[in-house]
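Sequence order for the protein chains is V and B.
Position in the first sequence counted from 1, then plus 2, gives you our numbering.
Position in the second sequence counted from 1, then plus 836, gives you our numbering.
Using N, Cα and C, we set each Cβ at its ideal position, and we do this for glycine too.
Nothing here was measured: the structure is a model prediction, and the numbers come from that model.
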Amino acid sequence: MNLLEIQHRMLEAVMQPLTPGEQMQPRNRDGKSMREVAAEFIKPNDRLSSFERLEIYNRQYWFRVLASLDEDFPGLRAILGRRRFDALCKAYLVDCPSQSFTLRNLGSRLESWLGSHPEWIQPRAGLALDMVRLEWAEIEAFDGAAKPVLTPADALASEPDPQFSLQPYLQLIKLRYPVDLLVAIRKDSSEGGMASNAVSERRKQTRVRKVARQKPQAVYLVAHRIQYSVYFKRLDLEAFTFLNALREGKTLSDAVVLAFQRSDVPESNLLGIVQNWFENWSTLGWFCRPKSANQGSIS
Amino acid sequence: MPANPFNGFTDFGVGIGLRVPHYQHILSEKPVVSWFEIISENYMIDGGRPLHVLEQILERYLVVQHGVSMYFGSPEPANREHLKRLKALIRRTRTPWLTDHLCWGSVDGTYSHDLLPMPYTFEAARLTAQKIREVRDFLEIPIAVENVSSYAEFHDSEMMEWEFLTEVVELADCGILLDVNNIYVSSRNHNFNPHDYVNGVPAERVAQIHIAGHSKFEKYILDTHDHPVIDPVWKLYARAIERTGRTATLLEWDDNIPSFAEVHNEALKANRFIAEMAVAS
């Protein structure tokens, strides 16, 4: 058996779901005995059979990837309950095994996968999807790039109708349920921390205050950072639309038009509102210097 | 051989792994530590707190990068995005050498996130060495490969693990990160004498040594990095530095992590063996 054949066989066995008792399956997907499969390429020793030796890796794989999703999506777990959450994660990982060198990205396809597999989150599909969206946005906001902050001088030196760039780490999230209320404010203990293959990559202490049946309510949210901790800030529809437009590269005037096109805010108030937004958001460092003025990204 | 081409001709002492629970203590108390080993993947990100902490660490301490996902033994070419991010981090940390594991863990772009054991064949040695060379050429930095702990052996293996390690590093002309705890764990799981392993590796290629604790189960030992180093592993360490000379040494403690002082004190026990070795020689 050459190297590639061994690796294909072993990876297939390692990634095969465990039994409910967390043992290796007795048969593979083709119905072949796993004892025979293991014996074909793994030596037994005086204490462990080939099957048992392969099972160590099978168990380690599942414990590691499930622990990773468990840390990244505590809100979804709270909504579904432990048993359903674990079953969902196993099904997701079978369909979407990791394609990244880092476990940080393990949940990157969860929202889209759930979109096509709503049976795993019924009857609270909308609520659960929103929670996944929120929790993934938190991951992106936590370690996304930060560019040099726009200064008043930059703003004064800009074009008459400038394009303003938002910090890459800023996440704009449109929700149908107020799931942000279900999640406690994150403490600053949510650093990444993969130590080795022996431990998980990220530690995130997220405490879900309560999970109650929520009525639909449109929420426009920004996930942002202050002093390297992630916070969520609610916006009204106009402000959210405005930021989305800026992110899409619209000019200031176009973004204002888009933001207020369905709004009943009197035109005479627009200037004051936009000025107020800029004051608040500049204080929070949400705008970054235009590309020509950037010296490069900072952390 | 405190300094050799495989550790960038440096002379580092005894260090510990940089871990999240110790961030606050290190930044506020600024303890004297010879060097820290970081897990590269933790900092191969675009921004945020991990990089902010790393910048503060780099202002005061020497840092060496240790990776967990290069998978030199995996069949596909190294992931370009991975390499680019790794190179950017190398520029940031100025690590004198880079380490990762002599193992595989992915096939066709699907990742196990585990350090899976190699079959010890000449084919595997040749392919692995070729990949190490390609990665080193891209990263432009000395590379040392670490022996992993393992729980399985393959029928197809053609040599002992230390012979495979030697074959790979000589074909690749790279260094060794000799993990004496992993040697001990594998020796118990596969019934070989761990001193044969330590005596069998090319000492002149050892760039760094790892020490750690492990967990003993009924039928096997698991490499858990959650206990102090046991005496048989210290004896292996003593024999290793007897052969290599004083070598950069790093204690790994990754789970059930105790206080910084406890971890550091455990690491500093290595100095006793280094001193005894110096007297004896």
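Determine the chain B residues that contact V:N4 at a beta-carbon separation under 7 Å, and present them in chain order.
As a working mapping, residue 4 of chain V is identified with position 2 in the first sequence. Ordered by position in chain B, the residues that pass the 7 Å Cβ test against V:N4 are E959.
Hey, does B:A988 have any beta-carbon neighbour from chain V nearer than 7 Å?
To locate residue 988 of chain B, count along the second sequence from 1; it is residue 152. Against chain V, the CB of B:A988 has a partner CB under 7 Å away; the residue lies at that interface.
Tell me the rounded alpha-carbon separation between V:V259 and V:S110.
Here residue 259 of chain V corresponds to residue number 257 of the first sequence, with the count starting at 1. Here residue 110 of chain V corresponds to residue number 108 of the first sequence, with the count starting at 1. Computed Cα separation, rounded: 33 Å.
Are B:L1013 and B:Q1044 closer than 7 Å when you measure CB to CB?
For the purposes of this step, residue 1013 of chain B is taken as the residue at position 177 of the second sequence. For the purposes of this step, residue 1044 of chain B is taken as the residue at position 208 of the second sequence. The Cβ atoms of B:L1013 and B:Q1044 lie closer than 7 Å to each other.
In three-state terms, what does DSSP make of B:Q1044?
For the purposes of this step, residue 1044 of chain B is taken as residue 208 along the second sequence, with counting starting at 1. Of the three classes helix, strand and coil, the one that applies to B:Q1044 here is strand, per DSSP.
Nearest-angstrom Cα separation, counted from B:A914 out to V:Q62:
Residue numbering aside, residue 62 of chain V sits at position 60 when the first sequence is read from its first letter. Residue numbering aside, residue 914 of chain B sits at position 78 when the second sequence is read from its first letter. Near 24 Å, if we compare the C-alpha coordinates of B:A914 and V:Q62.
Indicate whether V:N47 and V:M26 have their beta-carbon atoms separated by less than 7 Å.
In the first sequence, counting from the first residue as 1, residue 47 of chain V sits at position 45. In the first sequence, counting from the first residue as 1, residue 26 of chain V sits at position 24. Taking C-beta atoms as the reference points, V:N47 and V:M26 fail to come closer than 7 Å.
Determine the contact status of B:S910 and B:E877, defining contact as a CB-CB distance below 7 Å.
Here residue 910 of chain B refers to the residue found at position 74 of the second sequence. Here residue 877 of chain B refers to the residue found at position 41 of the second sequence. No, these two residues do not count as a Cβ contact at 7 Å.
Taking only beta-carbon atoms, is V:Q207 less than 7 Å away from chain B?
On the first sequence, position 205 is the one that residue 207 of chain V refers to. Only weak support exists for where V:Q207 lies, its pLDDT of 38 falling under 50; the coordinates are left without a value.
Chain-ordered neighbours of V:E67 on chain B, where CB pairs are closer than 7 Å
In the first sequence, residue 67 of chain V corresponds to position 65, counting from 1. Per the sequence presented here, residue 67 of chain V reads as Val, with Glu not at that position. Within 7 Å Cβ-Cβ: H949.
Please check if any C-beta of chain V sits within less than 7 Å of the C-beta of B:K920.
Translated into positions along the second sequence, residue 920 of chain B becomes position 84. So no, B:K920 is outside the interface.
List, in order along the chain, the chain V residues whose C-beta lies closer than 9 Å to that of B:T946?
Against the second sequence, residue 946 of chain B aligns to sequence position 110. Taking a Cβ-Cβ threshold of 9 Å, the residues of chain V close to B:T946 are L13, M17, P99, S100, Q101, in chain order.
Indicate whether B:A980 and B:G941 have their beta-carbon atoms separated by less than 7 Å.
Your numbering for residue 980 of chain B matches position 144 in the second sequence. Your numbering for residue 941 of chain B matches position 105 in the second sequence. Not in contact: B:A980 and B:G941 (Cβ atoms no closer than 7 Å).
So is B:N1092 buried or exposed if we call it buried at 16+ other beta carbons inside 10 Å?
Numbered from 1 along the second sequence, position 256 holds the residue referred to as residue 1092 of chain B. By the 10 Å Cβ count, B:N1092 comes out exposed.
Coarse secondary structure for V:F280, derived from DSSP in three states:
Position 278 of the first sequence holds residue 280 of chain V. Looking at V:F280 - three-state DSSP - the assignment turns out to be helix.
Proximal residues of chain V, C-beta to C-beta of B:K1055 below 7 Å:
Walking along the second sequence from the start, residue 1055 of chain B turns up at place 219. The contacting residues are R49, L50.
B:E959 and V:L5 - do their beta-carbons sit closer together than 7 Å?
As a first step, residue 5 of chain V is located in the first sequence; it is residue number 3 there, counting from the start. As a first step, residue 959 of chain B is located in the second sequence; it is residue number 123 there, counting from the start. Yes; because the gap between Cβ atoms is below 7 Å, this pair is in contact.
If you run the structure through DSSP and keep just helix, strand and coil, what is B:G883?
Here residue 883 of chain B refers to the residue found at position 47 when the second sequence is read from its first residue. B:G883 falls in the coil class under three-state DSSP.
Three-state secondary structure (DSSP) at B:K920?
By one-based count along the second sequence, residue 920 of chain B stands at place 84. Helix at B:K920.
At a CB-CB cut-off below 8 Å, which residues of chain V make contact with B:H1026?
Translated into the one-based positions of the second sequence, residue 1026 of chain B becomes position 190. Neighbours of B:H1026 in chain V, taken as residues whose beta carbon is under 8 Å from its own, are N47 in chain order.
Taking Cβ positions only, does V:F75 come closer than 7 Å to chain B?
Position 73 of the first sequence holds residue 75 of chain V. Judged by the 7 Å Cβ criterion, V:F75 is not in contact with chain B.
Going by DSSP in three states, V:R49 sits in which element: helix, strand or coil?
Against the first sequence, residue 49 of chain V aligns to sequence position 47. Three-state DSSP puts V:R49 in coil, outside helix and strand.
Taking the continuous beta strand (DSSP E) assigned at B:D1123, which residues delimit it?
Here chain B comprises residues numbered 837 to 1117, so residue 1123 of chain B is not present and cannot be evaluated.
Cross-strand partners of V:V232 (DSSP beta bridge):
Working through the first sequence from its first residue, we reach residue 232 of chain V at position 230. Its beta-bridge partners are V:R227.
Starting from B:F872 and walking both ways along the beta strand (DSSP E), at which residues does that stretch end?
As a first step, residue 872 of chain B is located in the second sequence; it is residue number 36 there, counting from the start. Per DSSP, B:F872 belongs to the beta strand (DSSP E) from 872-875.
I want to see whether chain V comes within less than 7 Å of B:N1092, judged by CB atoms only; does it?
Residue numbering aside, residue 1092 of chain B sits at position 256 when the second sequence is read from its first letter. For B:N1092, the answer is no, since every Cβ of chain V falls outside 7 Å of its Cβ.
Short of 8 Å in beta carbon distance, which residues of its chain neighbour V:D182, apart from the five on each side in sequence? Order them along the chain.
Here the question's residue 182 of chain V lines up with position 180 in the first sequence. Counting only Cβ-Cβ distances below 8 Å, and skipping sequence neighbours, we find L136, V221, L223, F234, R236.
B:V850 (DSSP reduced to helix, strand or coil)
If you number the second sequence from 1, residue 850 of chain B lands on position 14. Three-state DSSP puts B:V850 in a strand.
Have a look at B:A1008 and B:K923 and give me their C-alpha separation to the nearest angstrom.
Indexing the second sequence from 1 puts residue 1008 of chain B at position 172. Indexing the second sequence from 1 puts residue 923 of chain B at position 87. Spanning the two alpha carbons is a distance of roughly 20 Å.
Taking a cut of 7 Å between CB atoms, which residues from the stretch 228-240 of chain V lie near chain C?
Absent from the structure: chain C. Protein chains present are V and B.
Excluding five sequence neighbours on each side, which residues of the same chain lie with their C-beta closer than 8 Å to the C-beta of V:L68?
Indexing the first sequence from 1 puts residue 68 of chain V at position 66. Cβ within range, chain order: D88, C91, K92, L95.
Buried or exposed by the 16-neighbour rule on C-beta atoms within 10 Å, applied to B:V1115
Here residue 1115 of chain B refers to the residue found at position 279 of the second sequence. By the neighbour-count criterion, in which 16 or more other beta carbons inside 10 Å mark a residue as buried, B:V1115 falls on the exposed side.
With DSSP collapsed to three states, give me the class of B:H861.
Start at 1 with the first residue of the second sequence, and residue 861 of chain B comes out as number 25. Of the three classes helix, strand and coil, the one that applies to B:H861 here is helix, per DSSP.
Residues, ordered as in the chain, of the stretch 884-902 of chain B that lie near chain V by beta-carbon distance below 9 Å
Answer in chain order: G884, R885, P886, L887, H888, V889, L890, E891, H902.
Contact set between B:P1064 and chain V, taken where Cβ atoms lie within less than 9 Å:
Counting from 1 along the second sequence, the entry for residue 1064 of chain B is found at position 228. Within 9 Å Cβ-Cβ: nothing; B:P1064 doesn't reach chain V, min ~15 Å.
Return the first residue and the last residue of the beta strand (DSSP E) that V:S114 is part of.
In the first sequence, counting from the first residue as 1, residue 114 of chain V sits at position 112. Careful: V:S114 lies outside any beta strand (DSSP E), inside the alpha helix (DSSP H) at 112-118.
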